[in-house]
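Reading through the structure tokens given below for one structure.
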Amino acid sequence: MKVTAIDLGLPRVVQEPSKTDTAARPDTPGLVDSFGRVATDLRVSLTDKCNLRCTYCMPADGLDWMPDEQLLSDAELLRLMRIAVEMLGITDIRLTGGEPLLRPRLEDLVAEITSLHPRPRVAMTTNGIGFAKRAKRFAEAGLDRINVSLDTVDRETFQRVTRRDRLSHVLAALAAAREVGLDPVKINAVLIRGVNEHEVTSLLRFTLEHGYHLRFIEQMPLDAQHSWDRANMITADEILSMLRTEFTLTPSTEARGGAPAERWIVDGGVGDVGVIASVTRPFCAACDRTRLTADGAIRSCLFSQAETDLRALLRGGADDDEIADAWRATMWAKLAGHEINDAGFAQPLRPMSSIGG
Ligand code: SAM
Ligand code: SF4
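Residue numbering for the sequence shown follows my numbering, starting at 570 and increasing by one per position.
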């Protein structure tokens, strides 16, 4: 397999499946790794492009987007998702990006994914821009759930965080998602010190008022401009103590499974709040995810330094079994954890917007 390059001005790291040591891998169809975890949740990045410029994600000028010919076509994406569902045991597919709503004909793609057998649950993580007027079509196509990213309910702060004046579009997306019956409607929020941390309680108040479900995500070293600074990151402990100034939080007793968020019941049951503490309380031991980038690379982890180029296999005429085997080998080689807290940690070459968050 040849080593190619992605268009971020960065080398495309490719791991050749044939060279991965799979001798000890049990003969099982699923995406098992050498630590006994089984991936059943596929995150698919549909594009690296975005119409916002969140400061913790990408620079003001955006990035050099992948050229169209490098992106998987709908037919290629569907073939990989079919292999994942039919041959590899994937039960959940989350569409993300970049901004997934920028992918043309996305409603049709969702309808095709929900027609796969066995039918996977289909979710989307989106900034919500343009979703409101398409919400009904997505619901009809079978979209099950949505996570909308919203870091503030204040218009000026929204502009500071995303560098765009689009708060009203995101609020409309949330309302439309609820209106068409998507359940739950979740909000993902990232806090930035000195910018929106003071909004932690107003965000929770807003979500409780509307019946949404809020998840705070600790900022991770995955921004394209490599400006993440541990000292500046707002930790789960800080988030919880800020919330406790106004709310009573009781740990949820529901089994967490592979879910990344630790959950708390708010004020005895008026709602809940979650914190995804990827940095300070890593949940790698329970990870059940595998990732497909918009240009056809499989990654076993957000923080992987290596990935497998399935696009080359697809376009080189490989059959389904060869593709499935390459996917299995990639996941078998998954590391125990992301190593953010180790001295030798190196940020992956791809930023979050190119991997799919
Ligand atoms: N554009 C869509 C959105 O914003 O929802 C999907 C892609 S975005 C990369 C997915 C999620 O990753 C968003 O909730 C975003 O807030 C989060 N995110 C982006 N950069 C992050 C970072 N450096 N650390 C933690 N979360 C991040
Ligand atoms: Fe775009 Fe999502 Fe990144 Fe914000 S977090 S810049 S919306 S990809």
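Just so you know, even glycine gets a beta-carbon here, dropped at the ideal spot from N, CA and C.
- The DSSP-derived three-state label of W833 is strand.
- Annotated three-state conformation of P820 is strand, per DSSP.
- Nearest to I808 by C-alpha distance, out of V844, S796, N801, is V844.
- In the pairwise beta carbon analysis, the stretch 667-679 is classified as touching the stretch 643-650: at least three pairs are separated by under 8 Å.
- Any heavy atom of ligand 2 counts here; residues with a Cβ closer than 7 Å to one of them, in chain order, are C619, L621, R622, C623, C626, M627, G666, G667, E668, N696, S718, T731, M921, S922, G926.
- For R706, the enclosing alpha helix (DSSP H) covers residues 704-710.
- For V842, the shortest separation between its Cβ and any heavy atom of ligand 1 does not lie below 7 Å.
- Closer than 7 Å to some heavy atom of ligand 1: that does not describe the Cβ of I803.
- Shown here, I803 sits in coil according to DSSP, grouped into three states, outside any helix or strand.
- Straight-line measurement puts the Cα of A745 at about 22 Å from the Cα of I682.
- Straight through space, the alpha carbons of R651 and D610 are spaced by roughly 14 Å.
- I786 places its beta carbon less than 8 Å from that of A758.
- Taking C-alpha positions only, H767 is separated from V722 by approximately 11 Å.
- Your pair R663 and T694 checks out as a contact, with CB atoms roughly 6 Å apart and the cut at 8 Å.
- When the alpha-carbon of W901 is set against those of R703, D602, R747, the nearest one is in D602.
- Taking 8 Å as the upper bound for CB-CB distance, D864 and M635 are in contact here, some 5 Å apart.
- The alpha-carbon of T862 is positioned some 14 Å away from that of Q874.
- Per DSSP, the continuous beta strand (DSSP E) segment holding S614 begins and ends at 610-614.
- The Cβ atoms of F872 and P917 lie closer than 8 Å to each other.
- A direct Cα-Cα distance of roughly 12 Å separates S737 from N696.
- Taking the Cβ atoms as the reference, V717 lies roughly 16 Å from N765, outside the contact range of under 8 Å.
- For A866, the beta-bridge partners assigned by DSSP are D878.
- Pairing P689 with V654 gives a Cβ-Cβ distance under 8 Å.
- Here the alpha carbons of E778 and W896 stand approximately 43 Å from one another.
- Residue environment for V839: exposed (fewer than 16 other C-beta atoms within 10 angstroms of its C-beta).
- Here DSSP, grouped into helix, strand and coil, assigns M635 to coil.
- Counting of Cβ neighbours within 10 angstroms places Q788 among the buried residues, the total reaching 16 or more.
- A Cβ-Cβ contact shorter than 8 Å links L882 with E891.
- F914 sits in coil when the DSSP states are folded into three classes, being neither helix nor strand.
- Not one heavy atom of ligand 1 sits closer than 7 Å to the Cβ of T862.
- From the listed residues R858, A708, E725, the smallest Cα separation to G926 is found for R858.
- With distances taken between CA atoms, C626 lies nearest to L791 out of E908, A742, D596, L791.
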